[in-house]
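Peer 1:
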Amino acid sequence: MDIIPANKKLLPLKQLEMKKISTLFKKDINNLGRVINEINPENNWVFDGKAIATQKFDGSACAVINGKLYKRYDAKKGKTAPEGAIPCQEADLITGHHSHWVECSMEKKDDQYFWEGFNALAASGKVEDGTYELIGEKVQGNPENIKGHLLVKHGYNILSLESLDFEWIKNFLSNPENNMEGIVFHHTADNRMCKIRKSDFGVRRKAIKERIV
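Just so we're aligned: 177 in the numbering used here is position 176 of the sequence shown, and the numbers increase by one with no gaps anywhere.
(1) Looking at Thr55: is its Cβ nearer than 8 Å to the Cβ of Gly156?
(2) Take the Cβ of Ile170 as the centre, count every other Cβ of all protein chains shown within 10 Å, and call the residue buried at 16 or more, exposed below.
(3) So, are the CB atoms of Leu135 and Cys63 less than 8 Å apart?
(4) Measuring only the C-alpha atoms, how far is Asp49 from Thr189?
(5) Straight-line CA distance for Lys196 to Lys51?
(6) Kindly indicate which three-state DSSP category Gly156 falls into: helix, strand or coil?
(7) Any heavy atom of the ligand SAH within a distance shorter than 7 Å of the CB on Thr55?
(8) Could you spell out the range, first to last residue, of the alpha helix (DSSP H) harbouring Phe173?
(9) At which residues does the alpha helix (DSSP H) containing Gln113 begin and terminate?
(10) Should Glu178 and Arg198 be called a contact, given that it needs their Cβ atoms to be closer than 8 Å?
(11) Would you say His101 and Ile87 are within 8 Å of each other, going by their C-beta atoms?
(12) If we ignore side chains and look at the alpha-carbon of each, how far apart do Ser106 and Ile40 end up?
(13) Could you pull the DSSP bridge partners for Val128 from this structure?
(14) What three-state label does DSSP hand Val214 in the structure shown?
(15) Okay, do the segment 27-35 and the segment 110-123 touch, 3+ Cβ pairs below 8 Å being the bar?
(16) Give every residue of the same chain whose Cβ lies closer than 8 Å to the Cβ of Ile66, excluding the five residues on either side of it in the sequence, and list them in chain order.
(17) Quick check on this structure: which residue in Pro42, Lys139, Thr96 has the alpha carbon closest to the alpha carbon of Glu117?
(18) Can you list, in chain order, the residues of its chain with a C-beta nearer than 7 Å to that of Asn180? Leave out the 5 residues immediately preceding and following it.
(19) Where do the ends of the alpha helix (DSSP H) carrying Ala47 lie?
(20) Indicate the three-state DSSP secondary structure (helix, strand or coil) for Lys199 in the structure shown.
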């Protein structure tokens, strides 16, 4: 069943924000790690034909701002973000956590994989300001199954879905032939987003021992 032809194009960047985004469907109150067959009211716009579906990648968020490389830093409650950090969302009213963009340094070992991804992007001639996901061998156990490290621009891989029905999406993400982490929906007119993941249906990604290029 050919259901995810990728257009391989970029969505327009609206803001350099990285807000937490809600799930497409309501959470199960008895198990908040799962969803139920009810639309999350704040995401009705997806079903009104105002959404673009894109592949969700599992990695580490980063950004290119004015040509410079930044990684996401979470300033926990009571902590101050490093000097020069750029807020990427408002502070969480419950936890007090406040996410920022912090510029990567070539001198810091912790930043080396971000630079590997950035350099690969630069070599392709596709460095643009925007938010990205760092994926690769040393990131989150490499669930995306690639060699080396890459920066993938958010909204890069657009999906063509046959349906937005709960059961269809559940079956789509549960299909053993489809090992993507999930789907992110982008509003066509503003910066609203929502997501749905395999894990929301209790499905785990399969481990792949042989890495692809």
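Idealized CB from N, CA, C, for every residue including glycine.
Computed from a predicted model, the values in this text were never measured in an experiment.
Peer 2: Here's the rundown:
(1) Mapped onto the sequence shown, residue 55 falls at position 54. Mapped onto the sequence shown, residue 156 falls at position 155. In this structure, Gly156 lies closer than 8 Å to Thr55 by Cβ.
(2) Position 169 of the sequence shown, counted from the start, is the residue given in the question as residue 170. Buried, because 16 or more other Cβ atoms sit within 10 Å of the Cβ of Ile170.
(3) The count along the sequence shown starts at 1 and reaches residue 135 at position 134. The count along the sequence shown starts at 1 and reaches residue 63 at position 62. Taking 8 Å as the Cβ cut-off, Leu135 and Cys63 qualify as a contacting pair.
(4) The residue you call residue 49 lines up with position 48 of the sequence shown. The residue you call residue 189 lines up with position 188 of the sequence shown. Roughly 11 Å separates the two Cα atoms.
(5) The count along the sequence shown starts at 1 and reaches residue 196 at position 195. The count along the sequence shown starts at 1 and reaches residue 51 at position 50. Distance between the alpha carbons of Lys196 and Lys51 is about 14 Å.
(6) Here residue 156 is taken as the residue at index 155 of the sequence shown, counted from 1. In the structure shown, Gly156 sits in coil (DSSP, three-state: anything other than H, G, I, E or B).
(7) What this structure holds is no ligand at all, so the ligand SAH is not there to describe.
(8) Locating residue 173 in the sequence shown gives position 172, counting from the first residue. 167-175 is the span of the alpha helix (DSSP H), which, as asked, contains Phe173.
(9) Numbered from 1 along the sequence shown, position 112 holds the residue referred to as residue 113. Per DSSP, Gln113 belongs to the alpha helix (DSSP H) from 113-124.
(10) On the sequence shown, residue 178 is found 177 positions in, with the first residue counted as 1. On the sequence shown, residue 198 is found 197 positions in, with the first residue counted as 1. Not a contact, by the Cβ cut-off of 8 Å.
(11) On the sequence shown, position 100 is the one that residue 101 refers to. On the sequence shown, position 86 is the one that residue 87 refers to. Yes, they are a contact pair.
(12) Position 105 of the sequence shown, counting from 1, holds the residue named residue 106. Position 39 of the sequence shown, counting from 1, holds the residue named residue 40. So the two alpha carbons sit approximately 43 Å from each other.
(13) Position 127 of the sequence shown, counted from the start, is the residue given in the question as residue 128. Paired residues: none, contrary to the question.
(14) Taking the first residue of the sequence shown as 1, we reach residue 214 at position 213. For Val214, the pLDDT reaches just 42, beneath the cut-off of 50, and the residue's location in the model is therefore unreliable, although a value from the coordinates is still provided. Reduced to three states, the DSSP call for Val214 is coil.
(15) no
(16) The residue labelled residue 66 in the question sits at position 65 within the sequence shown. Leu17, Ile87, Trp102, Asp130.
(17) As a first step, residue 117 is located in the sequence shown; it is residue number 116 there, counting from the start. Selected option, being the one with the closest Cα: Lys139.
(18) By 1-based counting over the sequence shown, the position of residue 180 is 179. Within the same chain, Asn180 has close Cβ partners Arg206, Lys207.
(19) Working through the sequence shown from its first residue, we reach residue 47 at position 46. Checking the displayed sequence, the identity of residue 47 turns out to be Val instead of Ala. Taken as a continuous stretch (DSSP letters only), the alpha helix (DSSP H) holding Val47 covers 45-48.
(20) Taking the first residue of the sequence shown as position 1, residue 199 is located at position 198. Correct three-state label for Lys199: helix.
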